[in-house]
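Quick mapping for you: the protein sequence lines, in order, are chains Z and P. Numbering-wise (UniProt numbering), the first sequence opens with residue 1 and increments by one. Numbering-wise (UniProt numbering), the second sequence opens with residue 1 and increments by one. A virtual CB, placed ideally from N, CA and C, is assigned to each residue, including glycine. One structure is given here, and the rest of the page talks about it.
2 protein chains.
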Amino acid sequence: TTNSILTSNNIVFKKDPSTKEEDSIATTTSSSSSSSNILHDDDRDVRIKNGSNRSSSSSKNASYYPYNMVWPLPQHASFGTMDTSICLDASSFAFVIDENGACCRTAEPMSQSCSDLYEAFDRYKLLIFDHTVPSSSSNDCLSYASIYVQHSNSKLDFDVDESYSLTIAASSSSSSTLSEHEKKKKGNIKISATTTYGAMRAIESLSQLIRFQYTTKTFMIQHVPWHIHDKPRFVHRELLIDSSRHFLPLSTIRSIITSLSYAKMNVLHWHLVDDTSFPYCSEVYPQFCNMGEYSSSQEYYTREDIVDIVAFARKHGVRVMPEIDIPGHTSSWCRAIPDICTASKSILSPAINATLTNQVVFNLLKELSNLFTDSFFHLGGDEVQTVLWDEDIETVKYMKLHNISSSKDIYLDFVRLAHDTILELGKIPVGWGEIWTNFGSTLNGGVVLQKWLIQQ
Amino acid sequence: TTNSILTSNNIVFKKDPSTKEEDSIATTTSSSSSSSNILHDDDRDVRIKNGSNRSSSSSKNASYYPYNMVWPLPQHASFGTMDTSICLDASSFAFVIDENGACCRTAEPMSQSCSDLYEAFDRYKLLIFDHTVPSSSSNDCLSYASIYVQHSNSKLDFDVDESYSLTIAASSSSSSTLSEHEKKKKGNIKISATTTYGAMRAIESLSQLIRFQYTTKTFMIQHVPWHIHDKPRFVHRELLIDSSRHFLPLSTIRSIITSLSYAKMNVLHWHLVDDTSFPYCSEVYPQFCNMGEYSSSQEYYTREDIVDIVAFARKHGVRVMPEIDIPGHTSSWCRAIPDICTASKSILSPAINATLTNQVVFNLLKELSNLFTDSFFHLGGDEVQTVLWDEDIETVKYMKLHNISSSKDIYLDFVRLAHDTILELGKIPVGWGEIWTNFGSTLNGGVVLQKWLIQQ
Numbered sequence: 001t002t003n004s005i006l007t008s009n010n011i012v013f014k015k016d017p018s019t020k021e022e023d024s025i026a027t028t029t030s031s032s033s034s035s036s037n038i039l040h041d042d043d044r045d046v047r048i049k050n051g052s053n054r055s056s057s058s059s060k061n062a063s064y065y066p067y068n069m070v071w072p073l074p075q076h077a078s079f080g081t082m083d084t085s086i087c088l089d090a091s092s093f094a095f096v097i098d099e100n101g102a103c104c105r106t107a108e109p110m111s112q113s114c115s116d117l118y119e120a121f122d123r124y125k126l127l128i129f130d131h132t133v134p135s136s137s138s139n140d141c142l143s144y145a146s147i148y149v150q151h152s153n154s155k156l157d158f159d160v161d162e163s164y165s166l167t168i169a170a171s172s173s174s175s176s177t178l179s180e181h182e183k184k185k186k187g188n189i190k191i192s193a194t195t196t197y198g199a200m201r202a203i204e205s206l207s208q209l210i211r212f213q214y215t216t217k218t219f220m221i222q223h224v225p226w227h228i229h230d231k232p233r234f235v236h237r238e239l240l241i242d243s244s245r246h247f248l249p250l251s252t253i254r255s256i257i258t259s260l261s262y263a264k265m266n267v268l269h270w271h272l273v274d275d276t277s278f279p280y281c282s283e284v285y286p287q288f289c290n291m292g293e294y295s296s297s298q299e300y301y302t303r304e305d306i307v308d309i310v311a312f313a314r315k316h317g318v319r320v321m322p323e324i325d326i327p328g329h330t331s332s333w334c335r336a337i338p339d340i341c342t343a344s345k346s347i348l349s350p351a352i353n354a355t356l357t358n359q360v361v362f363n364l365l366k367e368l369s370n371l372f373t374d375s376f377f378h379l380g381g382d383e384v385q386t387v388l389w390d391e392d393i394e395t396v397k398y399m400k401l402h403n404i405s406s407s408k409d410i411y412l413d414f415v416r417l418a419h420d421t422i423l424e425l426g427k428i429p430v431g432w433g434e435i436w437t438n439f440g441s442t443l444n445g446g447v448v449l450q451k452w453l454i455q456q
Numbered sequence: 001t002t003n004s005i006l007t008s009n010n011i012v013f014k015k016d017p018s019t020k021e022e023d024s025i026a027t028t029t030s031s032s033s034s035s036s037n038i039l040h041d042d043d044r045d046v047r048i049k050n051g052s053n054r055s056s057s058s059s060k061n062a063s064y065y066p067y068n069m070v071w072p073l074p075q076h077a078s079f080g081t082m083d084t085s086i087c088l089d090a091s092s093f094a095f096v097i098d099e100n101g102a103c104c105r106t107a108e109p110m111s112q113s114c115s116d117l118y119e120a121f122d123r124y125k126l127l128i129f130d131h132t133v134p135s136s137s138s139n140d141c142l143s144y145a146s147i148y149v150q151h152s153n154s155k156l157d158f159d160v161d162e163s164y165s166l167t168i169a170a171s172s173s174s175s176s177t178l179s180e181h182e183k184k185k186k187g188n189i190k191i192s193a194t195t196t197y198g199a200m201r202a203i204e205s206l207s208q209l210i211r212f213q214y215t216t217k218t219f220m221i222q223h224v225p226w227h228i229h230d231k232p233r234f235v236h237r238e239l240l241i242d243s244s245r246h247f248l249p250l251s252t253i254r255s256i257i258t259s260l261s262y263a264k265m266n267v268l269h270w271h272l273v274d275d276t277s278f279p280y281c282s283e284v285y286p287q288f289c290n291m292g293e294y295s296s297s298q299e300y301y302t303r304e305d306i307v308d309i310v311a312f313a314r315k316h317g318v319r320v321m322p323e324i325d326i327p328g329h330t331s332s333w334c335r336a337i338p339d340i341c342t343a344s345k346s347i348l349s350p351a352i353n354a355t356l357t358n359q360v361v362f363n364l365l366k367e368l369s370n371l372f373t374d375s376f377f378h379l380g381g382d383e384v385q386t387v388l389w390d391e392d393i394e395t396v397k398y399m400k401l402h403n404i405s406s407s408k409d410i411y412l413d414f415v416r417l418a419h420d421t422i423l424e425l426g427k428i429p430v431g432w433g434e435i436w437t438n439f440g441s442t443l444n445g446g447v448v449l450q451k452w453l454i455q456q
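Here is the structure:
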């Protein structure tokens, strides 16, 4: 077997500034040779060709406007002049599913993916129409956006299609044979996406184009017509949270997930436990729920909490990738089950009871794997101080008894145990770069690596 | 007429640490001579008599537990031992209005005050039951709290009664002639309040006593029976926000109001405009909506925004007291209507057009007075640099023409104009301490003063 190593084109790395997604901005070049307004950002080659607005400002930032109204920058975008605008009817505006595609309301029972999209409709209506307006102010404004979705049963995972197109046209561009009523009914905001999660990205982009105009008290989109074709440059766009070094309340995690969706980030990397604390109430090992807390307050996540967070994230188009960092960050495990650790209680060790140690690792990973539904499961593997085993009398005895010549082999055994468990559960193990620098191709196949050290 | 000056017993002052509400904590003394658990905080004399728990800890903070589970400290509280606890049924728990009092669901149409309370029920159920639990875990737990409210039509204003009592008894304390079913139906959480806003304070206290127990996955109240009788020590407990020196989005203001309700604070003092910006879209003077913003983004509050915030606050038992700081903090007015200011555009002046200047002050205050429904309207009056008038050629001419010997009289004229306007509208003018130190008893009657300077 060979190792699948996602390169910087496919994964956002921890702590490596050279691979930031914002690269696409840093390498932007511009040309004003054309009067059409086209943004084309592909293969790290950004070509901006803009017209009337460019000349109105010489500052670098202003030259991006109105491209930068949608953030991150779409792959392709074109737009009209500032004077051409449409308004939206705040009181009656609706997202309407195109009946030629998936997710019609009449299709019962509704799939989870479609249900997630309908919830997003409600969420975004509250986000977009964030001012109460007099009912008269948007009488003749557009009252719906049309959404075409191709597939109704997409699972949000590392391979989900997030591409979308968004077209916003002025009413006058409709066929002149239509009555005024028909023009409004036909609508002039069209979204098209392969999956419901792509449609959510489109709605996020749309929401960023809508501005409240205080003088007229209307919700406006300027620079129509807009034509946006977009897809993520990186399939994996994550933020890492660490609930061990400091406990994060559920409301904080939900708030972070909501923010991720605004930035079209798609992965919450949840570094759940570490040396500092083990804030998870395990079903198989309930003793963690008394011995793992960060402070004197009870600060834990239950199984139900995790299920809730994973569902909340999915509804926002965000995957949750758990991390259980084995074996280098496990001293909190020792408080609950001392026999699986060295005498110093600083790290897992097979010395006292190898069977028990392996069982605890296996059972915890299996239990968590059922709660975190994503295909990726991060197993850490960084910063392992093998000296902790070399200095532990029982571990040294164990190594002699089993003819283990180097404590680095203990390290490898734990990495393999963790990876094999996750592979056996049908998932993809993820690990920090040190497992590659230490063990290279001797690792199990199918491991995804993440760098956090710049020199690695 | 005489001036009503609220003393430190009745109002929370700005920037004066000696009058903080937390005084009641600083002066706390304790005695462990009794085995009953009674907290009695009245007239700055806090007597804590606690029993079994005290001996379990010698630290100062721990000695307050479990008194400090409710914060701010209730006026009177007694409680049982840690071992006596009840659990709540998360899946079916309801706040139930006692039919002997006001706010029954059958009483149609429901008053605003009762409707606010029902909304609070929904809000607090989400706050209290903040973990999903397996349905089996709270089968035999208490499923409702009974709420008796005396008056259905209370207006939230400076004189509203916020007192309440809260009793939480264990099921076993019910009459032994009741069946198990009846015991549960009778309930053992009772709230009694004069007004719906007092009932909200009771529910806030109740919510602070409920803790999630991770090992059993139940919502528990320990130390029953609880008997709490509480009322605010200060009728006016405010937080000042300043939306001029920095714009605050509506979502931020809502978040602040929610936080105030957790701390049983009851006034949001909204310092709306100042020299820096005038973020209000006036109906009478629409030019402010183009000339008053803080930054290049459109950052304003519309009339509808203010109505929404005032309603949101009222639903949380929080009054909104607006402040228009006249005449010392008005340079932002000059950008929109230059003729009402000195030539330096730094402060209001009657010199160019006294009628217009007076009209603008009067009309703006009248317009805002309709939106902010509270009886209190703050008119500032602090930090007036009379030298700005002495150095303004037109103002000096105006003073000579009208035989005004000192620019301090211009200051007084503006203060009187503002106060008279608010009094004429049937409201109570509030002002900063300088108007008292400068003008004392020559002020209009019925003015409420707030100190912000320690030496004043």
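query = Does the distance from the CB of S244 (chain P) to the CB of L209 (chain P) come in under 9 Å?
reply = Taking the first residue of the second sequence as position 1, residue 244 (chain P) is located at position 244. Taking the first residue of the second sequence as position 1, residue 209 (chain P) is located at position 209. No, Cβ-Cβ distance for S244 (chain P) and L209 (chain P) is not below 9 Å.
ask   = For Q222 (chain Z), does the three-state DSSP call read helix, strand or coil?
value = To locate residue 222 (chain Z), count along the first sequence from 1; it is residue 222. It is a strand residue.
task = Entirely within the region 283-335 of chain P and at least 4 residues each: give me those alpha helix (DSSP H) ranges in chain order.
result = For the region 283-335 of chain P, whole alpha helix (DSSP H) runs of length 4 or above, ordered along the chain, are 288-291 and 303-315.
query = Can you name the residues that DSSP bridges to residue 473 (chain Z)?
reply = Because chain Z spans 1 through 456 in this model, residue 473 (chain Z) falls outside it and cannot be assessed.
ask   = By how many angstroms is the C-alpha of F372 (chain Z) removed from the C-alpha of P322 (chain Z)?
value = Looking up residue 322 (chain Z) in the first sequence gives position 322. Looking up residue 372 (chain Z) in the first sequence gives position 372. Cα-Cα distance, rounded: 7 Å.
query = Quick one: which chain Z residues come within Cβ less than 8 Å of Q298 (chain P)?
reply = Residue 298 (chain P) sits at position 298 when you count from the first residue of the second sequence. Counting only Cβ-Cβ distances below 8 Å, Q298 (chain P) has contacts in chain Z at R211, F212, Q213 and Y214, in chain order.
Min CB distance C87 (chain Z) to chain P below 9 Å = Counted from its first residue, the first sequence places residue 87 (chain Z) at position 87. Cβ-Cβ to chain P under 9 Å: no for C87 (chain Z).
key: Cβ-based burial, G431 (chain P) [other Cβ within 10 Å; buried from 16]   = One-based indexing of the second sequence puts residue 431 (chain P) at position 431. The residue is buried, with at least 16 neighbouring Cβ atoms inside 10 Å.
task = Please list the residues of the region 259-288 of chain P that have a C-beta atom closer than 9 Å to any C-beta atom in chain Z, keeping them in chain order.
result = Listed by position, the residues of the region 259-288 of chain P near chain Z (Cβ gap below 9 Å) are C281 and P286.
task = Note down, in chain order, each residue of its chain lying with its Cβ closer than 8 Å to the Cβ of T135 (chain P), except the 5 sequence neighbours on either side.
result = As a working note, residue 135 (chain P) is residue 135 in the second sequence. Sequence check: residue 135 (chain P) is Ser here, not Thr. If we look at S135 (chain P) and ignore the five residues flanking it on each side, its Cβ neighbours are S91.
Separation of C289 (chain Z) from Y300 (chain Z), as counted between CA atoms = Working through the first sequence from its first residue, we reach residue 300 (chain Z) at position 300. Working through the first sequence from its first residue, we reach residue 289 (chain Z) at position 289. Near 7 Å, if we compare the C-alpha coordinates of C289 (chain Z) and Y300 (chain Z).
message = Counting only Cβ pairs nearer than 9 Å, list the residues of chain P close to E304 (chain Z).
response = As a working note, residue 304 (chain Z) is residue 304 in the first sequence. Those are H131, T132, V133, P134 and K217, listed as they occur along chain P.
query = By the criterion of Cβ-Cβ separation under 9 Å, what are the contact partners of L250 (chain Z) in chain P?
reply = Position 250 of the first sequence, counted from the first residue, corresponds to residue 250 (chain Z). Within chain P, the residues near L250 (chain Z) are D130 and H131.
ask   = Between P:D382, P:Y65 and P:S406, which lies nearest to L453 (chain P) when the distance is taken from Cα to Cα?
value = Within the second sequence, numbered from 1, the residue matching residue 453 (chain P) stands at position 453. In terms of Cα proximity to L453 (chain P), the closest of P:D382, P:Y65 and P:S406 is P:D382.
key: Proximity test, Cβ basis, 9 Å: D409 (chain P) and chain Z   = As a position in the second sequence, residue 409 (chain P) is number 409, starting the count at 1. No, D409 (chain P) lies away from the interface with chain Z (no Cβ there is under 9 Å from its Cβ).
ask   = Comparing alpha-carbon positions, which option in Z:Q359, Z:S113 and Z:F234 lies nearest A199 (chain Z)?
value = Translated into positions along the first sequence, residue 199 (chain Z) becomes position 199. Per the Cα distances, Z:S113.
Proximal residues of chain P, C-beta to C-beta of N153 (chain Z) below 8 Å = Taking the first residue of the first sequence as position 1, residue 153 (chain Z) is located at position 153. The premise fails here: N153 (chain Z) is roughly 25 Å from chain P at the closest Cβ pair, so nothing lies under 8 Å.
ask   = In whole angstroms, what is the alpha-carbon distance linking V235 (chain P) and K125 (chain P)?
value = Within the second sequence, residue 235 (chain P) is the residue found at index 235, counting from 1. Within the second sequence, residue 125 (chain P) is the residue found at index 125, counting from 1. The straight-line gap from Cα to Cα measures roughly 27 Å.
ask   = In whole angstroms, what separates the C-alpha of H40 (chain P) from that of R201 (chain P)?
value = For the purposes of this step, residue 40 (chain P) is taken as residue 40 along the second sequence, with counting starting at 1. For the purposes of this step, residue 201 (chain P) is taken as residue 201 along the second sequence, with counting starting at 1. Its pLDDT being 41, under 50, H40 (chain P) is placed unreliably by the model, and the measurement read from it follows with that caveat. One Cα belongs to H40 (chain P), the other to R201 (chain P), and the distance between them is close to 18 Å.
key: Among P:T81, P:A313 and P:W71, the one whose alpha carbon lies nearest that of I256 (chain P)   = Counting from one through the second sequence, the residue named residue 256 (chain P) turns up at place 256. With distances taken between Cα atoms, I256 (chain P) lies closest to P:A313.
message = Could you check whether the Cβ of N139 (chain P) sits closer than 9 Å to any Cβ belonging to chain Z?
response = For the purposes of this step, residue 139 (chain P) is taken as residue 139 along the second sequence, with counting starting at 1. Taking Cβ atoms only, chain Z never reaches closer than 9 Å to N139 (chain P), which makes this a no.
ask   = Exposed or buried, S59 (chain P), counting other C-beta atoms within 10 Å across all chains shown (16 or more means buried)?
value = Working through the second sequence from its first residue, we reach residue 59 (chain P) at position 59. For S59 (chain P), the pLDDT reaches just 35, beneath the cut-off of 50, and the residue's location in the model is therefore unreliable, leaving the point undetermined.
ask   = Do we get a CB-CB distance below 9 Å when we pair V310 (chain P) with the residues of chain A?
value = Annotation note: the requested chain A is absent from the structure, which comprises protein chains Z and P.
inquiry  = Rounded to the nearest angstrom, what separates E108 (chain Z) and S251 (chain P) at their Cα positions?
reply    = Locating residue 108 (chain Z) in the first sequence gives position 108, counting from the first residue. Locating residue 251 (chain P) in the second sequence gives position 251, counting from the first residue. In this structure, the CA atom of E108 (chain Z) is about 37 Å from the CA atom of S251 (chain P).
query = Thinking C-beta only, is Y214 (chain Z) closer than 9 Å to S192 (chain Z)?
reply = The residue labelled residue 192 (chain Z) in the question sits at position 192 within the first sequence. The residue labelled residue 214 (chain Z) in the question sits at position 214 within the first sequence. Not closer than 9 Å, so no.
task = Return the residue from the list P:T216, P:M69 and P:P74 that minimises the CA-CA distance to H229 (chain P).
result = Counted from its first residue, the second sequence places residue 229 (chain P) at position 229. It is P:P74.
query = Quick one: is V307 (chain Z) near chain P, going by C-beta distance under 9 Å?
reply = In the first sequence, residue 307 (chain Z) corresponds to position 307, counting from 1. At least one chain P Cβ lies under 9 Å of V307 (chain Z).
message = Within 9 Å of any Cβ in chain P, is that where the Cβ of V235 (chain Z) sits?
response = Mapped onto the first sequence, residue 235 (chain Z) falls at position 235. It does not; no Cβ of chain P falls within 9 Å.
task = Compare the beta carbon distance of S349 (chain P) and W389 (chain P) with 9 Å and say whether it is the shorter of the two.
result = Here residue 349 (chain P) corresponds to residue number 349 of the second sequence, with the count starting at 1. Here residue 389 (chain P) corresponds to residue number 389 of the second sequence, with the count starting at 1. Contact flag set, yes.
Where the alpha helix (DSSP H) containing H131 (chain P) begins and where it ends = Residue numbering aside, residue 131 (chain P) sits at position 131 when the second sequence is read from its first letter. Going by DSSP, H131 (chain P) is part of no alpha helix (DSSP H) at all; its letter is neither H nor E.
request  = Tell me, please, whether the region 351-360 of chain Z touches the region 327-343 of chain Z by the rule of three or more beta-carbon pairs shorter than 8 Å.
outcome  = Yes, since at least three Cβ pairs between the region 351-360 of chain Z and the region 327-343 of chain Z fall closer than 8 Å, the two stretches touch.
message = Just list the residues that DSSP pairs W270 (chain P) with in beta bridges.
response = Translated into positions along the second sequence, residue 270 (chain P) becomes position 270. Beta-bridge pairing links W270 (chain P) to P:I241 and P:P322.
Host alpha helix (DSSP H) of Y398 (chain P) (start-end) = Taking the second sequence and counting its residues from 1, one reaches residue 398 (chain P) at position 398. Here the alpha helix (DSSP H) through Y398 (chain P) covers I393 to L401.
task = Name the two residues that bound the continuous beta strand (DSSP E) containing S450 (chain Z).
result = Counting from 1 along the first sequence, the entry for residue 450 (chain Z) is found at position 450. Checking the displayed sequence, the identity of residue 450 (chain Z) turns out to be Gln instead of Ser. First-last of the beta strand (DSSP E) with Q450 (chain Z): V448 to Q450.
message = Please report the distance separating the alpha-carbon of L417 (chain P) from that of D161 (chain P).
response = Here the question's residue 417 (chain P) lines up with position 417 in the second sequence. Here the question's residue 161 (chain P) lines up with position 161 in the second sequence. Each residue's Cα considered, the two are about 33 Å apart.
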